[in-house]
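*Asks:* Dropping the structure in here first, questions after.
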Amino acid sequence: MAANRLLQYSPQRCSFAQMRCGARPAKVVNPVVAKITEYGSLIDPGLNRDSCTSTLWSPATLVSEPVVFWMCRDTQQVLKNGSIGHHLQLRLASPQGYGDPFYAFSQDQCPAGGCGDNVCGPGICGDGTRWVGWPDTPPLVVQRGGPLGIFPGWVDAYGWMAKQRLTGLTVLEDAGNSLFKVTSRFPGESIMAKTELVKDAFWTKDEVGYGTACHVIHGGYAYLYGGTPNAKLAVARVSTLRGPTAFENRKNYEFYVNGKWTSKTPLASDPTIILPNTSQSKARSIGLRSGRCSFVWIGGDSFPDADAYISTAPNAEGPWTVPKKFYSGVVGNGTLPAYSSLAHPALTDGTGNYIFISWTKTHPDPATNFDVYDQPLVRVDWA
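Counting from 1, position 81 in the sequence shown corresponds to residue 81 in our numbering; the numbering is continuous, with no gaps.
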């Protein structure tokens with residue numbers, strides 16, 4: 001059982017775009033904002049979603065539009081009068097984005113009916129505590145089109161999910177991080193992708209949850225980031241030449257420790273795994289910017305602010321520049337003013353000339369006084 005601590009609403013949200021940079025990025029760059037365009041909120045008709053992240057699922061073809069995979073946290077039902085209906089966990093049906101928890105709870109996480117009826121679970125325990133299924137990053141797509149690359153709608157991906165038990169917003173237990181496989185075999189948006197638990201607690205509670213914070217594929221490697229106990233980031237990698245199922249075997253992972261890549265898994269407490277100028281308290285996205293060719297980190301302020309920062313590096317492990325603030329968003333007046341800032345490279349054309357960012361803010365619903373989620377969407381063009 002971990003020592004009790006307050007859960008910060010500054011999750012490590014991630015989404016990535018693979019851009020045209022050649023064999024590897026070339027240098028550190030200093031991006032400059034040329035234009036900012038503020039759009040409306042990310043909403044669904046009749047549904048109100050929290051902390052949505054996105055990734056490119058299927059690219060555009062001659063006969064089809066690109067498909068973007070969205071993954072969100074809690075969902076509220078919005079009634080015709082605009083008020084919130086059921087503010088607790090909803091049990092809904094696919095297609096179009098919602099149903100039972102996308103990453104299913106394991107048997108030690110208070111399954112449905114665990115205390116005699118369906119009021120308890122999934123994840124809600126009879127003693128008033130709860131396990132939360134809050135993804136911090138979208139699945140990492142490792143294969144499109146099947147083994148031959150010719151099957152439309154065929155996608156293989158992996159997602160890492162923290163196992164946390166809370167009372168209110170206080171963390172009672174960190175039980176490691178589980179690995180899920182996410183698959184799709186049909187084109188379009190009408191059939192929801194399927195998930196399968198590969199291994200419960202793939203990373204133990206004493207290890208970094210590599211892949212839970214950020215991930216990006218470049219130069220024959222998938223780079224997987226996770227948070228350290230002192231609120232920094234560490235990175236591991238897997239060679240993509242080992243095939244799409246390589247992520248299921250821990251023997252295929254290498255870890256950046258003391259300035260070198262090693263096959264030995266470090267403890268989360270090892271100070272030599274920390275990447276300077278990174279911070280677990282800032283939600284982030286990491287991608288590659290074409291033209292200037294560098295790794296780009298975009299992150300938000302810790303709760304309760306909505307400031308966006310950017311940092312760049314010539315390599316996935318760094319050295320990262322000191323994060324620079326480039327945008328300040330409006331916060332809400334609800335219980336949780338602002339959190340879950342992140343970037344959406346999947347919404348761009350892949351050139352790296354601009355990026356979309358979002359964050360979550362809350363405000364009280366006048367009819368029920370429940371907090372309502374609001375996710376502003378902003379486009380930032382670089383000079």
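Ideal Cβ positions, reconstructed from N, Cα and C, are used throughout, including at glycine.
Computed from a predicted structure; not experimentally measured.
Hey, does D374 have any beta-carbon neighbour from chain B nearer than 9 Å?
*Replies:* Included in the structure is just one protein chain, with no chain B present.
*Asks:* Buried or exposed: N48, going by 16 or more other Cβ atoms within 10 Å of its Cβ?
*Replies:* On the sequence shown, residue 48 is found 48 positions in, with the first residue counted as 1. Result: buried.
*Asks:* Can you check which of these residues, C72, V78, S58, is closest to A367 by C-alpha distance?
*Replies:* Position 367 of the sequence shown, counted from the start, is the residue given in the question as residue 367. Nearest C-alpha to A367: V78.
*Asks:* What number of angstroms, rounded off, separates the C-alpha of N118 from the C-alpha of A104?
*Replies:* Locating residue 118 in the sequence shown gives position 118, where the first residue counts as 1. Locating residue 104 in the sequence shown gives position 104, where the first residue counts as 1. Confidence at N118 is low in this model, with a pLDDT of 44, below 50, so its placement is unreliable and the value that follows should be read with caution. Each residue's Cα considered, the two are about 16 Å apart.
*Asks:* Tell me which residues share the same chain as N4 and place their Cβ nearer than 8 Å to its Cβ, disregarding the 5 neighbours each side in the sequence.
*Replies:* Indexing the sequence shown from 1 puts residue 4 at position 4. Residue placement at N4 is poorly supported in this model, since its pLDDT is 40, which falls under 50; the coordinates still yield a value, given next. When the five nearest sequence neighbours on each side are left out, the beta carbons in the same chain lying within less than 8 Å of the beta carbon of N4 are those of T170, V171, L172, in order along the chain.
*Asks:* Kindly identify the DSSP beta-bridge partner or partners of R73.
*Replies:* On the sequence shown, residue 73 is found 73 positions in, with the first residue counted as 1. Paired residue(s): none; R73 is not in a bridge.
*Asks:* Tell me, please, whether the region 310 to 318 touches the region 264 to 271 by the rule of three or more beta-carbon pairs shorter than 8 Å.
*Replies:* No, the region 310 to 318 does not touch the region 264 to 271.
*Asks:* Let me confirm a value: K361 is counted as buried when at least 16 other C-beta atoms fall within 10 Å, else exposed. Which label applies?
*Replies:* As a working mapping, residue 361 is identified with position 361 in the sequence shown. Result: buried.
*Asks:* Are the beta-carbon atoms of W160 and S184 separated by less than 9 Å?
*Replies:* Mapped onto the sequence shown, residue 160 falls at position 160. Mapped onto the sequence shown, residue 184 falls at position 184. Contact: no.
*Asks:* Name the DSSP beta bridge partners of W203, please?
*Replies:* Position 203 of the sequence shown, counted from the start, is the residue given in the question as residue 203. N177, per the DSSP bridge assignment.
*Asks:* Starting from V380, trace the beta strand (DSSP E) in both directions and tell me its first and last residue.
*Replies:* Walking along the sequence shown from the start, residue 380 turns up at place 380. Where V380 is concerned, the enclosing beta strand (DSSP E) stretches over 376 to 382.
*Asks:* Give the DSSP bridge partners of D156, in chain order.
*Replies:* On the sequence shown, residue 156 is found 156 positions in, with the first residue counted as 1. Its beta-bridge partners are Q143, T183.
*Asks:* Please report how far the alpha carbon of P135 lies from the alpha carbon of Y210, in whole angstroms.
*Replies:* Mapped onto the sequence shown, residue 135 falls at position 135. Mapped onto the sequence shown, residue 210 falls at position 210. Distance between the alpha carbons of P135 and Y210 is about 13 Å.
*Asks:* Tell whether a beta-carbon distance below 9 Å holds between S64 and G188.
*Replies:* The residue you call residue 64 lines up with position 64 of the sequence shown. The residue you call residue 188 lines up with position 188 of the sequence shown. Result yes, Cβ atoms of S64 and G188 sit closer than 9 Å.
*Asks:* Can at least three beta-carbon pairs, one atom from the region 201 to 221 and one from the region 237 to 256, be found at a separation below 8 Å?
*Replies:* yes
*Asks:* Might you give, ordered along the chain, the residues of its own chain that have their beta carbon closer than 8 Å to the beta carbon of Y221, omitting 5 neighbours on each side?
*Replies:* Your numbering for residue 221 matches position 221 in the sequence shown. R237, V238, S239, T240, A316, listed in sequence order.
*Asks:* Would you mind reading off the limits of the beta strand (DSSP E) that contains S328?
*Replies:* Residue numbering aside, residue 328 sits at position 328 when the sequence shown is read from its first letter. Its beta strand (DSSP E) spans residues 324 to 328.
*Asks:* P304 and A338 look like a contact to me (Cβ under 8 Å); what is the Cβ gap, rounded to whole Å?
*Replies:* Here residue 304 refers to the residue found at position 304 when the sequence shown is read from its first residue. Here residue 338 refers to the residue found at position 338 when the sequence shown is read from its first residue. Yes, P304 and A338 are in contact; Cβ-Cβ is about 5 Å, under 8 Å.
*Asks:* What residue range does the beta strand (DSSP E) around C214 cover?
*Replies:* By one-based count along the sequence shown, residue 214 stands at place 214. 214 to 218 is the span of the beta strand (DSSP E), which, as asked, contains C214.
*Asks:* For A306, which of helix, strand or coil comes out of DSSP?
*Replies:* Working through the sequence shown from its first residue, we reach residue 306 at position 306. Reduced to three states, the DSSP call for A306 is coil.
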